[in-house]
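Novice:
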Amino acid sequence: MLDPRVIDPHQELVDYSSMNEAEIAQVTRVLVGIRRWRESEEALSFKSRNHMRLNETDMKALRFLVVSQNQNVVATPGALAEHLSISSAATTKLLDRLTAGDHIERSPHPTDRRALMITITKRTHEQVRDSVGRTHALRFDAVARLTGAEREVVIRFLNDLCQPRDETDVSAGVTVPVTPSE
1 MLDPRVIDPH
11 QELVDYSSMN
21 EAEIAQVTRV
31 LVGIRRWRES
41 EEALSFKSRN
51 HMRLNETDMK
61 ALRFLVVSQN
71 QNVVATPGAL
81 AEHLSISSAA
91 TTKLLDRLTA
101 GDHIERSPHP
111 TDRRALMITI
121 TKRTHEQVRD
131 SVGRTHALRF
141 DAVARLTGAE
151 REVVIRFLND
161 LCQPRDETDV
171 SAGVTVPVTP
181 SE
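First residue of the sequence shown: 1, per full-length UniProt numbering; consecutive thereafter.
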């Protein structure tokens with residue numbers, strides 16, 4: 001139920017009075033598409049985490065390790081903590097959990113005797129590649145099929161979704177006018 005005519009018939013939040021029925025239907029189809037994509041992403045994320053018995057932070061850590069390995073960068077606990085925005089104590093618990101699950105290996109840093117190097121195990125790397133990597137490849141192909149102009153529209157649209165319009169409290173009953181794109 002993303003159609004504003006259904007969820008906001010009195011136009012208390014969204015003023016769609018300047019739009020015709022076809023425009024409203026098209027906007028609604030875009031919103032449904034966004035919802036379907038989010039649900040698909042959440043399902044894939046859950047399936048991957050559940051299959052590998054990991055939580056979301058664990059998966060982010062593994063993706064970081066895959067990227068580090070692909071770029072020939074030595075991954076350290078400190079770099080991982082910074083990437084995940086977690087404390088060193090939380091990083092230690094994370095690494096202990098991933099080590100116990102045979103997802104990573106810790107070894108001496110090749111150039112810094114005081115530091116550790118973290119690497120993803122071959123088996124886990126393959127599992128991440130087969131789930132997350134293949135999905136990313138499909139996304140890349142879908143975006144690559146767009147023209148340059150279409151990609152720019154998508155970039156602008158996605159960036160707009162990430163930016164709040166203003167600091168106005170939605171509960172104050174503010175109506176956001178909708179202007180169809182030209």
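Virtual Cβ for every residue (Gly too), placed ideally from N, Cα, C. All figures in this text were calculated on a predicted structure; none of them were measured in a lab.
Measure the C-alpha to C-alpha separation of residue 48 and residue 78 and round it to an integer number of angstroms.
Specialist: Numbered from 1 along the sequence shown, position 48 holds the residue referred to as residue 48. Numbered from 1 along the sequence shown, position 78 holds the residue referred to as residue 78. Residue 48 and residue 78: Cα-Cα distance of roughly 26 Å.
Novice: Return the chain-ordered list of same chain residues with a C-beta closer than 7 Å to the C-beta of residue 209, the five sequence neighbours on each side being excluded.
Specialist: In this structure the chain extends from 1 to 182, so residue 209 is not present and cannot be described.
Novice: Please state the DSSP three-state secondary structure of residue 116.
Specialist: For the purposes of this step, residue 116 is identified with residue 116 of the sequence shown, where counting begins at 1. Of the three classes helix, strand and coil, the one that applies to residue 116 here is strand, per DSSP.
Novice: Using three-state DSSP, classify residue 15 as helix, strand or coil.
Specialist: The residue labelled residue 15 in the question sits at position 15 within the sequence shown. Of the three classes helix, strand and coil, the one that applies to residue 15 here is strand, per DSSP.
Novice: Short check: CB of residue 95 to CB of residue 118, under 9 Å?
Specialist: What you label residue 95 is simply residue 95 of the sequence shown in a count that begins at 1. What you label residue 118 is simply residue 118 of the sequence shown in a count that begins at 1. The answer is yes: Cβ separation under 9 Å.
Novice: If we count Cβ pairs, one from each stretch, closer than 8 Å, do we get three or more for the stretch 69-88 versus the stretch 20-31?
Specialist: Touching, no.
Novice: Please report the residue range of the beta strand (DSSP E) in which residue 87 lies.
Specialist: One-based indexing of the sequence shown puts residue 87 at position 87. Where residue 87 is concerned, there is no enclosing beta strand (DSSP E), given that its DSSP letter is neither H nor E.
Novice: Who are the near neighbours of residue 76 in its chain, counting only those whose CB is closer than 7 Å to its CB and skipping five residues on each side?
Specialist: Working through the sequence shown from its first residue, we reach residue 76 at position 76. Same-chain partners within the cutoff: 109, 115, 116, 117 and 118.
Novice: Out of 12, 4, 34 and 35, point me to the one whose CA is closest to residue 20's CA.
Specialist: Residue numbering aside, residue 20 sits at position 20 when the sequence shown is read from its first letter. Ranking 12, 4, 34 and 35 by Cα distance to residue 20 puts 4 first.
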